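Asker: So the sequence shown is numbered by the numbering used here: it starts at 345 and just counts up by one.
Sharing a structure with you now.
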Amino acid sequence: MSQKGGICLKTIEELHQIKKEKRKELDLRINTKADTREKHILVCQGTGCTSSKSPEILENFRRILKEKNIDHVRVIKTGCFGLCAKGPIVIIRPEDTFYAMVKPEDCEEIIQTHIIDGNKVERLLAKDIDGTKVNRLDDLNFYKKQKRIALKNCGVINPEDIDEYLAFDGYQALEKVLTQMLPEEVIEVIKQSGLRGRGGAGFPTGKKWELTRVSEGKQKYVVCNADEGDPGAFMDRSILEGDPHSVLEAMSIAAYCIGANKGFIYVRAEYPIAVKRLQIAINQARDYGLLGNHIFHTDFNFDIEIRLGAGAFVCGEETALLESIEGKRGQPRVKPPYPAQAGLWGKPTLINNVETYANIAQIILKGSEWYSSIGTENSKGTKVFALGGNVNNIGLVEVPMGTTLREIVYDIGGGIPNGRDFKAAQTGGPSGGCIPKEHLDTPIDYESLKQIGSMMGSGGLIVMDDTKCMVSLAKFYLEFTVSESCGKCTPCRIGTKRMLEILEKLCNGEGSELDIYKLEKLAVNIQKASICGLGQSAPNPVISTLKYFREEFRQHAIAKECKALECKAMSKITINEEKCKGCGLCQKHCPVNAIEGEGRNPRVINQDKCIKCGTCLTSCPFKAIGN
């Protein structure tokens, strides 16, 4: 061990010893049959659980254990376990007991009943969709079809402890690369693995690294795109919160391959937990000599800085991101040249997103054949999705490429709440498209999604039931795109605004069939003429909804009807006199007293007072109310 400016730089031997000793200590995290008296209480400290008082839960556990003088139990903060719908989540290892929706006041009971008495707290055990209690995390259907690679350490290690990352083979890939492999050999492994960029476009990762390596320039840069801006997406955030060192290690490997000595992580300022843990990880890596000069006692030098984004969606586009890092307004550059040739400050620059980097170390350690054996012929490996919307198991899932949408929605997601029918799923966020019911068995991979008019995107997957208005959905995404347009090019700045105006007319009952024609024409022209990928893909939600749900657009334009009752200007809620039993529940729940009638007589809705909130629909036990 050497000293440098108060920093304790570790030798390779010392790092190996840390791994060996720590792994023994943490074996019970992954070995459910571990013969040990010691227990670890894992408390999720991802953003979702944190917002539901999980930090208070963690502190309560520690306080109670101290008060009761229990020294064989450790309380560990972790990243996201994935099943956000059940949070805050507490897992007790090695028995792998899964407690869901835990509250701070439950800590005393868990310690007394589980830790001291040796019995499980039955009322807190997680329940599957069918209502059955599950004793272990892996017993939940939510996890059975998942395969964790990018999320391997999330929910397993303390993301603020570098020793725990080392215990699970952390920085072993970097050591292997620096001491045993040439840059060209590493790039070849990545190429053979078939890994494609997980930011949306799916460009081959190894090819991108190769292009940057052969570009001329003494100064080169490595950039991590953590500007996750899609509505409902939180894949990258969860990786940074749960396993930040995996990104740092991968960026170092990439830097070695292309000949860079400086890296930047561009992360949204709206991710305070991720930013904090990233900085802790960077500081720890520097302290151990895993960032800085002469890493693993080689001639390789590399360091990383964090750059905060101000929340502009357009900065997810790689050249706009580079402009922002340089201190300029985030606007896309005209390509070519591409960042591999002229990126940051005109120097060759490699840009990958968080999830892409999170796969790198394991590919190096386990080999390209292992990784390429997962997934489909042209889409290798796994993909992380933020599963949300009208689905029972909202959360983070990682599945092999080629897994069908039906499997994700029904087997992993637990189906649609209240037994409603699936209507569509939106993938790719504002740049993606809708997948209708008839394509539920579509494999989720780059080519299959493209064929049906959608795209992978960064990984947001929003499920919609049969109550959703697709015209209103298209309007929602256009509103987002219009507000987030950087304004650099006319097709995106003006064209999307005109599209939004048409959609507003349709939703207000003021549209016509001609407007539908205009909408399609505008969409095609914007796709062809916009400067950057975000502008070119902005019409996708409209194009796909028109393709699969044209009849809904025609209902809005011709019949002036919105059967989903989302477009309030056209919605008219009425009571069927034959079905109405005069129970008065709708009248009781109406917030504006718009429902009239007495006794057992059928009720009538005063249309002048009705605000079309839909409360009466859900309160009627006889399904006598509709549009």
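Note that CB positions come from ideal geometry on N, CA and C, so glycine has one too.
Only a predicted model underlies this, so the values are computations on that prediction, with no experimental measurement involved.
Is it true that the CB of Leu694 sits closer than 8 Å to the CB of Asn569?
Answerer: Their beta carbons are not under 8 Å apart, which means Asn569 does not touch Leu694 by this criterion.
Asker: Taking a contact to mean a Cβ-Cβ separation below 8 Å, would you say Thr959 touches Cys924 in this structure?
Answerer: No, they are not a contact pair.
Asker: State the Cα-Cα distance for the pair Gly350 and Arg467, rounded to the nearest angstrom.
Answerer: Because Gly350 sits at a pLDDT of 49, beneath the cut-off of 50, its placement in the model cannot be relied upon, and the point is left open.
Asker: In the DSSP assignment, find the unbroken beta strand (DSSP E) run with Glu649 in it and report its ends.
Answerer: Segment Asp647 to Gly653, the beta strand (DSSP E) holding Glu649.
Asker: For Ile875, I'd like the list of residues in its chain whose CB is within less than 7 Å of its CB, leaving aside the five on either flank, ordered along the chain.
Answerer: Closer than 7 Å at Cβ, skipping near neighbours: Pro676, Val678, Lys832 and Cys833.
Asker: Suppose contacts are defined by Cβ-Cβ distances below 8 Å. Is Phe905 in contact with Val815 by that definition?
Answerer: Looking at the sequence shown, residue 905 is not Phe but Glu. The answer is no: Cβ separation not under 8 Å.
Asker: Just verifying my parser: in three-state terms, what is the DSSP assignment at Asn696?
Answerer: Note: Asn696 maps to strand in three-state DSSP.
Asker: Could you tell me which residues DSSP pairs with Asp809 in its beta bridges?
Answerer: Beta-bridge pairing links Asp809 to Phe766.
Asker: In the DSSP assignment, the alpha helix (DSSP H) including Ile870 goes from what residue to what residue?
Answerer: Ile870 -> alpha helix (DSSP H) spans Glu857 to Ala873.
Asker: Measuring only the C-alpha atoms, how far is Ala818 from Val886?
Answerer: Computed Cα separation, rounded: 5 Å.
Asker: What does the alpha-carbon distance come out to for the pair Lys377 and Val741?
Answerer: C-alpha separation (whole angstroms): 26 Å.
Asker: Out of Ser775, Gly773, Pro744 and Leu731, which has the shortest C-alpha to C-alpha gap to Tyr754?
Answerer: Ranking Ser775, Gly773, Pro744 and Leu731 by Cα distance to Tyr754 puts Leu731 first.
Asker: Among Gly943, Gly928 and Asn945, which residue has its Cα nearest to the Cα of Asn937?
Answerer: Per the Cα distances, Gly928.
Asker: So, for Tyr790: in the same chain, excluding its five sequence neighbours on each side, which residues have a beta-carbon less than 6 Å away from its beta-carbon?
Answerer: If we look at Tyr790 and ignore the five residues flanking it on each side, its Cβ neighbours are Gly546, Ser723 and Met800.
Asker: Quick check: the region 579-594 against the region 503-514, are there 3 or more CB pairs under 8 Å?
Answerer: Yes, the region 579-594 touches the region 503-514.
Asker: Go to Thr441, then tell me how far its beta strand (DSSP E) extends in each direction, as first and last residue.
Answerer: Element bounds for Thr441: Thr441 to Tyr443.
Asker: Please list the terminal residues of the continuous alpha helix (DSSP H) segment that includes Ala511.
Answerer: Counting along the chain, the alpha helix (DSSP H) containing Ala511 begins and ends at Ile506 to Ala511.
Asker: Looking only at C-alpha atoms, which of Cys659, Gly746, Gln706 and Pro681 sits nearest to Gly543?
Answerer: Looking at the Cα atoms, Cys659 is the closest of the given residues.
Asker: Any contact between the region 711-725 and the region 476-484? By contact I mean 3 or more CB pairs, one from each, below 8 Å.
Answerer: Contact between the region 711-725 and the region 476-484 is absent, because fewer than three Cβ pairs lie under 8 Å.
Asker: Once you ignore the five residues that flank Phe893 on each side, which residues in its own chain have a CB closer than 6 Å to its CB?
Answerer: For Phe893, where only same-chain residues beyond five positions count, the Cβ hits under 6 Å are Met814.
Asker: Going by CA-CA distance only, name the one from Ile624, Phe729, Glu721 and Asp810 that's closest to Asn985.
Answerer: This structure leaves residue 985 out entirely; the chain is present only between 345 and 971.
Asker: Provide the residue span of the alpha helix (DSSP H) that contains Asn404, from first to last.
Answerer: From DSSP, the alpha helix (DSSP H) with Asn404 extends over Ser398 to Glu411.
Asker: According to DSSP, which residues form a beta bridge with Lys421?
Answerer: Lys421 pairs with Val387.
Asker: Skipping 5 residues on each side, what residues in its chain have a beta carbon closer than 7 Å to that of Gly390?
Answerer: Only Gly423, Cys424, Ser582, Glu585 and Gly586 meet the Cβ criterion.
Asker: Mapping DSSP to helix, strand and coil, what is Arg437?
Answerer: Arg437 falls in the strand class under three-state DSSP.
Asker: Examine the Cβ distances between the region 697-713 and the region 775-785 and report whether three or more of them are shorter than 8 Å.
Answerer: Judged by Cβ distances under 8 Å, the region 697-713 makes no contact with the region 775-785, as fewer than three pairs qualify.
Asker: Please state whether DSSP places Gly349 in a helix, a strand or coil.
Answerer: Note that Gly349 has pLDDT 48, beneath the 50 cutoff, so the model's placement of it is unreliable and no number is given.
Asker: If the criterion is Cβ atoms closer than 8 Å, does the pair Pro448 and Glu400 meet it?
Answerer: For Pro448 and Glu400, yes; Cβs fall inside 8 Å.
Asker: Return helix, strand or coil for Gly772, following the three-state DSSP convention.
Answerer: If DSSP states are grouped into helix, strand and coil, Gly772 belongs with coil.
Asker: What is the DSSP secondary structure of Thr748, reduced to helix, strand or coil?
Answerer: In this structure, Thr748 counts as strand in the three-state DSSP scheme.
Asker: Contact check, Leu847 vs Thr786 under 8 Å by CB: the rounded distance?
Answerer: Leu847 to Thr786, Cβ: 26 Å. No contact.
Asker: Which residues mark the beginning and the end of the alpha helix (DSSP H) in which Phe893 is found?
Answerer: Note, Phe893: premise wrong, no alpha helix (DSSP H); not H, not E.
Asker: Taking C-beta to C-beta, are Ile669 and Arg651 nearer than 8 Å?
Answerer: Yes, the pair counts as a contact, with Cβ atoms nearer than the cut-off.
Asker: If I measure Cβ to Cβ from Ile459 and keep anything under 7 Å in the same chain, skipping five residues before and after, which residues do I get?
Answerer: Here the set comprises Lys383, Ile414 and Val417.
Asker: Take the Cβ of Glu828 as the centre, count every other Cβ of all protein chains shown within 10 Å, and call the residue buried at 16 or more, exposed below.
Answerer: The residue is buried, with at least 16 neighbouring Cβ atoms inside 10 Å.
Asker: Have a look at Lys862, Gly877, Ser792 and Phe820 and flag the residue whose alpha-carbon is nearest the alpha-carbon of Cys851.
Answerer: Ranking Lys862, Gly877, Ser792 and Phe820 by Cα distance to Cys851 puts Phe820 first.
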